[in-house]
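Participant: In this text, residue positions in the first sequence follow my numbering: the first is 11, and each later residue adds one. Here it is: the structure, laid out below.
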Amino acid sequence: MPELPEVQTVLDGLSQAIRGRKILDIECYYPGTLRLAGNLPDPLYPRQAESFRRRGKYMIIGLSGGLSLIIHLRMTGKLVYDPTPGEVLAHERARIKLERDEAVHFIDIRTFGKLQLCRTDELGQYLPNLGVEPLEPGFTAEYLRDALSGKKAPIKNALLDQRIVAGLGNIYVCEALYRAGISPLRGSGSLKLKELKAIVKESRLVLAEALAVGGTSISDYRRIDDKTGEFQHFLQVYQKQECPKGHPLENIKQAGRGTWWCPLCQK
DNA sequence: CAATGATCCTGTCCGC
DNA sequence: TGCGGACAGGATCATT
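The structure is reproduced here in structure tokens:
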């Protein structure tokens with residue numbers, strides 16, 4: 011499941027592969043995967059891919075002439091750079107066609123991923139409200155204290171809320187809470203500043219470590235060259251039976267998603 | 001307003 | 001062998 015480290019890894023790969031290149035067309039093979047804003051210029055193509063940035067789990071590619079392409083991989087989306095593309099691939103939902111007959115495939119088994127083309131000056135209308143970036147200076151214990159004050163929702167749910175922190179997903183929230191020694195069931199508003207500091211520190215660490223090895227490949231996630239990331243080998247609790255200390259883990263459901271945690275290590 | 005649940009999807013895995 | 005059902009989950013929308 012692409013979270014911040016995976017999205018950043020894909021984005022870096024995409025930037026390497028197509029920065030400065032001309033996009034000749036974007037074809038859509040599954041209804042709704044490619045969405046066009048209503049007021050786009052004609053002709054729409056060609057457009058040069060000029061800039062590459064990330065906000066939360068959204069990739070934002072700046073195109074020449076004041077346009078932007080927003081890409082969200084959701085759960086099973088993949089971008090694959092292909093210098094010699096042929097027929098439409100299995101599960102290929104869209105294709106970014108480049109000059110010299112090259113392409114980037116958007117492959118997405120479960121079809122939840124989206125490509126949105128819009129004017130750059132209207133980007134705000136096409137991105138949801140997103141909270142602080144967890145690897146930037148604004149992500150502090152004090153920020154979390156203010157954002158979570160009075161909230162009754164479990165800390166696990168709050169950390170998954172992209173309006174509070176943008177980029178964390180199920181895997182890294184489970185890992186960060188384990189490392190911080192905090193139970194995922196704790197009420198958000200009940201956490202002390204010291205505990206929030208541990209959450210901030212461990213979230214940053216786990217994200218940075220995962221980013222350094224190209225993300226976590228549990229099932230579908232791949233880099234742009236279709237290679238796997240390596241952080242799955244370093245997970246301590248996600249989809250595990252026992253924690254590093256040998257304690258049995260509990261697997262519960264929170265907000266419809268699996269939580270793995272150690273009742274002995276996390277309080 | 002906040003919190004929860006349903007929804008969108010399909011490949012994989014499990015039990016019978 | 002094959003089938004039905006549960007499960008995986010990010011974000012959005014509807015409901016309580």
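Idealized CB from N, CA, C, for every residue including glycine.
On the criterion of 16 or more Cβ atoms from any shown chain inside 10 Å, does Asp-118 qualify as buried, or is it exposed?
Facilitator: It counts as buried.
Participant: Do the stretch 91-110 and the stretch 135-151 meet, that is, are 3 or more Cβ pairs less than 8 Å apart?
Facilitator: Taking 8 Å as the limit for Cβ pairs, the verdict is that the stretch 135-151 does not touch the stretch 91-110.
Participant: Going by the DSSP bridge assignment, what does Glu-252 pair with across the sheet?
Facilitator: BP columns for Glu-252 point to Pro-258.
Participant: Over the uninterrupted beta strand (DSSP E) stretch that includes Leu-158, give me the two end residues.
Facilitator: From DSSP, Leu-158 is part of no beta strand (DSSP E) but of the alpha helix (DSSP H) over 151-158.
Participant: Would you mind sorting Tyr-248 into buried or exposed? The rule is 16 or more other CB atoms within 10 Å of its CB.
Facilitator: Label assigned to Tyr-248: buried.
Participant: Which residue wins for smallest C-alpha separation from Tyr-55, given the options Leu-73, Met-85 and Pro-164?
Facilitator: Per the Cα distances, Leu-73.
Participant: Express the C-alpha separation of Leu-44 and Glu-132 in angstroms, rounding to a whole number.
Facilitator: So the alpha carbons of these two residues sit roughly 17 Å apart.
Participant: Check whether the stretch 249-269 touches the stretch 181-194, taking contact to mean three or more Cβ pairs, one atom from each stretch, closer than 8 Å.
Facilitator: Judged by Cβ distances under 8 Å, the stretch 249-269 makes contact with the stretch 181-194, as three or more pairs qualify.
Participant: In three-state terms, what does DSSP make of Phe-122?
Facilitator: Looking at Phe-122 - three-state DSSP - the assignment turns out to be coil, as it is neither helix nor strand.
Participant: For Leu-21, which option in Cys-38, Gly-224, Lys-161 and Arg-129 has the closest C-alpha, if you only look at C-alpha atoms?
Facilitator: The candidate whose alpha carbon is nearest that of Leu-21 is Gly-224.
Participant: In the DSSP assignment, find the alpha helix (DSSP H) that holds Arg-214 and state where it starts and stops.
Facilitator: Unbroken alpha helix (DSSP H) run through Arg-214: 203-222.
Participant: Assess, as a yes-or-no matter, whether the stretch 151-165 is touched by the stretch 74-91 under the definition of 3 or more beta carbon pairs within less than 8 Å.
Facilitator: Verdict: no, contact absent.
Participant: My output table needs one value for Pro-164: the three-state DSSP class, helix, strand or coil.
Facilitator: Three-state DSSP puts Pro-164 in a strand.
Participant: Can you tell me whether DSSP reads Ile-192 as helix, strand or coil?
Facilitator: Three-state result, Ile-192: coil.
Participant: Kindly examine the ligand HEM and report whether one of its heavy atoms sits closer than 8 Å to the Cβ of Glu-16.
Facilitator: The ligand HEM is not part of the structure shown, which contains no ligands of any sort.
Participant: Shortest alpha-carbon distance to Thr-238 belongs to which of Phe-244, Leu-245, Ser-227 and Gln-246?
Facilitator: The shortest Cα separation from Thr-238 among Phe-244, Leu-245, Ser-227 and Gln-246 belongs to Ser-227.
Participant: Within the same chain, show all residues whose beta-carbon is closer than 7 Å to that of Arg-84, passing over the 5 residues directly before and after it, in chain order.
Facilitator: Hits under 7 Å: Phe-122 and Gly-123.
Participant: Confirm, please, whether the CB-CB distance from Leu-24 to Ile-262 is below 9 Å.
Facilitator: Not in contact: Ile-262 and Leu-24 (Cβ atoms no closer than 9 Å).
Participant: Buried or exposed, going by whether 16 or more other CB atoms sit within 10 Å of the CB of Leu-50?
Facilitator: Classification for Leu-50: exposed.
Participant: Indicate whether Pro-164 and Arg-189 have their beta-carbon atoms separated by less than 9 Å.
Facilitator: In this structure, Arg-189 does not lie closer than 9 Å to Pro-164 by Cβ.
Participant: Alpha carbon to alpha carbon, how far is Met-69 from Asn-199? Give it in angstroms, no decimals.
Facilitator: It is Gly, not Asn, that sits at residue 199 in the sequence shown. Distance between the alpha carbons of Gly-199 and Met-69 is about 31 Å.
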